[in-house]
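Trainee: Have a look at this one before I ask anything.
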Amino acid sequence: MKLSIFNDKDRAACVESAPDGTQNEPGPPPDGGLTAWLQVLGFHFIFFNSWGVTNSFGVFQQYYAQTLPQSASEISWIGSVQVFLLFFVGVLAGRATDAGYFRPVLFLGVLFQLVGVFMTSLCTTYWQIFLAQAVCMGLGNGCTFCPALSVTSSYFLRRRALAVGLGAAGAATGGLIYPVVADMLLYKHPIGYAWTLRVMGFIMLGTHIPGLLWMRSRLPPRSTGPIIEWGAFRELPWVFFTASMFFNFWGLYFAFFYLGTFARDRLGMSDSLNLIMILNAVGVPGRIIPTYIGGRITGMLNLLIPLSLAASILTYCWAAVSNVAGLYTFTVLFGIVAAALQSLFPATATMLNPNLEKAGTRLGMILSIVSIANLTGPAIEGALVQRDGGHYLDGQMFAASSIFLGAAAAVAARIAKTGLRWKVKA
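Just so we're aligned, residue 1 is where the sequence shown starts under full-length UniProt numbering, counting upward by one.
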């Protein structure tokens with residue numbers, strides 16, 4: 001019989017659909033109950049320790065700029081590679097989850113994360129930090145986030161948007177807690193870089209316990225399809241949407257990586273880490289509410305277009321910010337919009353796929369393509385800042401223009417899908 005992980009068009013997972021399994025049908029998702037909500041709890045903390053850490057890299061970007069001889073562009077490669085591996089390894093980990101290896105992959109990912117953070121605490125040179133924080137932790141992030149997303153989603157049908165939204169909000173809570181810890185232990189009550197990283201490691205270990213204890217795959221093992229589905233490149237809505245996400249993510253992380261250093265270098269703010277905390281904190285409603293509105297009222301793509309345009313306009317406006325009040329205003333607004341774009345990305349990708357049995361393959365393809373944008377974007381923007389003598393205008397213009405191209409490509413995807421009928425939910 002044919003078995004697919006999800007049964008409705010709103011599924012958002014990073015796994016392959018199953019052809020020809022021999023296992024018995026596990027029945028419909030429970031859509032609630034203790035076991036299902038324990039998956040959400042574990043999922044929340046996995047996002048807390050993967051996306052939350054990644055979104056907090058601006059803290060380390062600022063600290064390393066003060067303590068390492070490397071340029072801002074070179075330092076940004078640490079965060080860029082971490083995000084790249086989160087996306088790219090997530091595709092492979094999702095396929096392993098399909099094959100029935102969710103628990104081994106999850107344990108391996110947590111092990112990589114913990115080894116990475118504790119080894120980073122021992123590092124003293126750039127390349128040591130790169131191998132531990134970028135490569136080792138990036139591999140761990142990729143092994144945990146995508147399988148956890150797919151497993152949690154399989155427990156819900158009607159409440160799936162709520163469950164995934166609550167779980168994905170861990171990216172915002174982690175992005176708030178970890179910068180607070182870093183600020184307290186590096187600057188306000190300093191205990192040293194090494195022990196700051198170790199405290200973060202112990203937080204990571206403790207918050208992973210619910211997932212390690214209770215998360216279980218509900219679906220039987222199944223074989224996976226091809227990594228590349230070439231027919232997708234003949235469908236204009238999918239092609240334009242993929243281009244849109246590439247350009248959006250090419251510029252989106254500039255603020256996450258460089259907001260703190262901008263505040264310190266250009267405005268002389270001594271408490272610039274507060275901005276990174278706010279940027280992540282406002283992501284809690286930014287991830288939950290837009291996904292609900294897009295699924296129930298407007299359609300995901302219809303909502304993604306104005307949000308992408310808003311992110312571009314805000315990034316252009318960032319170049320004109322010249323005082324602390326203006327920077328706080330930008331941080332709040334951009335944090336909400338950026339979080340909404342991050343949460344709408346997988347849901348919209350699945351919605352644009354006409355064949356549900358190929359949804360996992362196509363989402364994996366998009367993740368792989370977008371991972372290249374995450375790898376190169378912050379480094380390019382950092383190089384522009386360095387070339388401009390520490391001024392941020394060129395980097396801001398590059399990031400804003402990239403996001404604008406993403407918004408234009410999203411409009412093209414909308415037209416290719418529904419024509420000029422703007423009242424159609426899409």
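Ideal Cβ placement from N, Cα and C applies to all residues, glycine included.
All values derive from a computational prediction rather than experimental measurement.
Where does residue 235 fall in DSSP's three states?
Mentor: Residue 235: coil per DSSP, three-state reduction.
Trainee: Look up residue 272 in the DSSP assignment and say whether it is helix, strand or coil.
Mentor: In the structure shown, residue 272 sits in coil (DSSP, three-state: anything other than H, G, I, E or B).
Trainee: With DSSP run on the structure shown, which of helix, strand or coil describes residue 19?
Mentor: Residue confidence is low: residue 19 scores 42 on pLDDT, short of 50, so the model does not pin down where it sits. No coordinate-derived value is stated.
Trainee: Taking residue 409 and residue 232 to be in contact with their CB atoms under 8 Å, please state how far apart those CB atoms are, rounded to whole angstroms.
Mentor: Rounded, the Cβ-Cβ distance is 15 Å, inconsistent with contact.
Trainee: Can you tell me the Cα-Cα spacing of residue 329 and residue 208, whole angstroms?
Mentor: C-alpha separation (whole angstroms): 34 Å.
Trainee: Going by DSSP, what residue range makes up the alpha helix (DSSP H) through residue 74?
Mentor: Taken as a continuous stretch (DSSP letters only), the alpha helix (DSSP H) holding residue 74 covers 72-98.
Trainee: Distance check for residue 193 and residue 418, CA to CA, integer angstroms please.
Mentor: Each residue's alpha carbon lies about 53 Å from the other.
Trainee: Check whether the segment 365-381 touches the segment 278-289, counting contact only when three or more Cβ pairs, one atom from each stretch, lie closer than 8 Å.
Mentor: Judged by Cβ distances under 8 Å, the segment 365-381 makes no contact with the segment 278-289, as fewer than three pairs qualify.
Trainee: Are the Cβ atoms of residue 48 and residue 174 separated by less than 8 Å?
Mentor: For residue 48 and residue 174, yes; Cβs fall inside 8 Å.
Trainee: Do you know offhand how far residue 395's Cα is from residue 254's?
Mentor: Answer to the nearest angstrom: the Cα atoms are 8 Å apart.
Trainee: Assess, as a yes-or-no matter, whether the segment 107-118 is touched by the segment 68-79 under the definition of 3 or more beta carbon pairs within less than 8 Å.
Mentor: No, the segment 68-79 does not touch the segment 107-118.
Trainee: Taking the alpha-carbon positions, what's the residue 14 to residue 149 distance?
Mentor: In this prediction, residue 14 scores a pLDDT of 39, lower than 50, which makes its location untrustworthy; the coordinate-derived value is nonetheless stated afterwards. Roughly 7 Å separates the two Cα atoms.
Trainee: Do you know how far the Cα of residue 141 is from the Cα of residue 167?
Mentor: Rounded to whole angstroms, residue 167 to residue 141 spans 15 Å at the Cα level.
Trainee: Compare the C-alpha of residue 216 against each of 383, 426 and 41 and name the closest.
Mentor: Of 383, 426 and 41, the residue nearest in Cα terms is 41.
Trainee: Using DSSP with H/G/I as helix, E/B as strand and the rest coil, what is residue 426?
Mentor: Residue 426: coil per DSSP, three-state reduction.
Trainee: Starting from the Cα of residue 228, find the closest Cα among 316, 399 and 362 and give me that residue.
Mentor: That would be 362, whose Cα lies nearest to the Cα of residue 228.
Trainee: What distance in whole Å lies between the Cβ atoms of residue 314 and residue 333, which are believed to be in contact at a cut-off of 8 Å?
Mentor: About 6 Å; that satisfies the 8 Å criterion.
Trainee: How would you write the range of the alpha helix (DSSP H) that residue 316 sits in, first residue to last?
Mentor: 300-318 is the span of the alpha helix (DSSP H), which, as asked, contains residue 316.
Trainee: Can you give me the Cβ contacts of residue 111 inside the same chain, cut-off strictly under 8 Å, excluding the 5 residues immediately before and after it?
Mentor: Excluding positions up to five away in sequence, the list reads 140.
Trainee: Do you know offhand how far residue 270's Cα is from residue 256's?
Mentor: So the two alpha carbons sit approximately 18 Å from each other.
Trainee: Mapping DSSP to helix, strand and coil, what is residue 346?
Mentor: Three-state DSSP puts residue 346 in a helix.
Trainee: If I measure Cβ to Cβ from residue 312 and keep anything under 7 Å in the same chain, skipping five residues before and after, which residues do I get?
Mentor: Cβ neighbours of residue 312 beyond the five flanking positions: 400, 403, 404 and 407.
Trainee: Pick out whichever of 325, 321, 337 and 119 has its Cα sitting closest to the Cα of residue 306.
Mentor: Checked all of 325, 321, 337 and 119; the closest Cα to residue 306 is 337.
Trainee: For residue 319, I'd like the list of residues in its chain whose CB is within less than 8 Å of its CB, leaving aside the five on either flank, ordered along the chain.
Mentor: Taken in chain order, the residues that qualify are 392, 393, 396, 397 and 400.
Trainee: Looking only at its chain, what residues have a beta carbon closer than 6 Å to the beta carbon of residue 44, apart from the 5 residues adjacent to it on each side?
Mentor: Closer than 6 Å at Cβ, skipping near neighbours: 167 and 170.
Trainee: Residue 166 lies in the alpha helix (DSSP H); which residues open and close that run?
Mentor: 160-168 is the span of the alpha helix (DSSP H), which, as asked, contains residue 166.
Trainee: Write down every uninterrupted run of the alpha helix (DSSP H) in the segment 119-150 whose length is 4 residues or greater and which is fully enclosed by it, in chain order.
Mentor: Listed in chain order, the complete alpha helix (DSSP H) runs (minimum 4 residues) inside the segment 119-150 are 126-129.
Trainee: Could you say if the segment 146-165 and the segment 90-105 meet the contact criterion of at least three C-beta pairs nearer than 8 Å?
Mentor: With the cut-off at 8 Å, the segment 146-165 and the segment 90-105 touch.
Trainee: By Cβ distance, which residues of its chain are closer than 8 Å to residue 385, with the 5 residues on each side in sequence left out?
Mentor: Contacts found: 72, 73, 258, 391, 392, 394 and 395.
Trainee: Could you spell out where the alpha helix (DSSP H) holding residue 191 opens and where it closes?
Mentor: Careful: residue 191 lies outside any alpha helix (DSSP H) and carries neither H nor E.
Trainee: Measuring CB to CB, does residue 281 end up less than 8 Å from residue 327?
Mentor: No, the pair does not count as a contact, with Cβ atoms beyond the cut-off.
Trainee: How big is the Cα-Cα spacing for residue 214 and residue 39?
Mentor: Going from the Cα of residue 214 to the Cα of residue 39 covers about 7 Å.
Trainee: Would you kindly report the start and end of the unbroken alpha helix (DSSP H) that includes residue 393?
Mentor: Taken as a continuous stretch (DSSP letters only), the alpha helix (DSSP H) holding residue 393 covers 393-418.
Trainee: Using beta-carbon positions only, say whether residue 178 and residue 83 come within less than 8 Å of one another.
Mentor: Result no, Cβ atoms of residue 178 and residue 83 do not sit closer than 8 Å.
Trainee: Checking 8 Å against the spacing of the C-beta atoms, do residue 155 and residue 222 come in under that value?
Mentor: No, they are not a contact pair.
Trainee: Here's a check: name, in chain order, each residue in its chain whose Cβ is nearer than 7 Å to the Cβ of residue 105, leaving out the five neighbours to either side.
Mentor: Counting only Cβ-Cβ distances below 7 Å, and skipping sequence neighbours, we find 93, 96, 97, 143 and 147.
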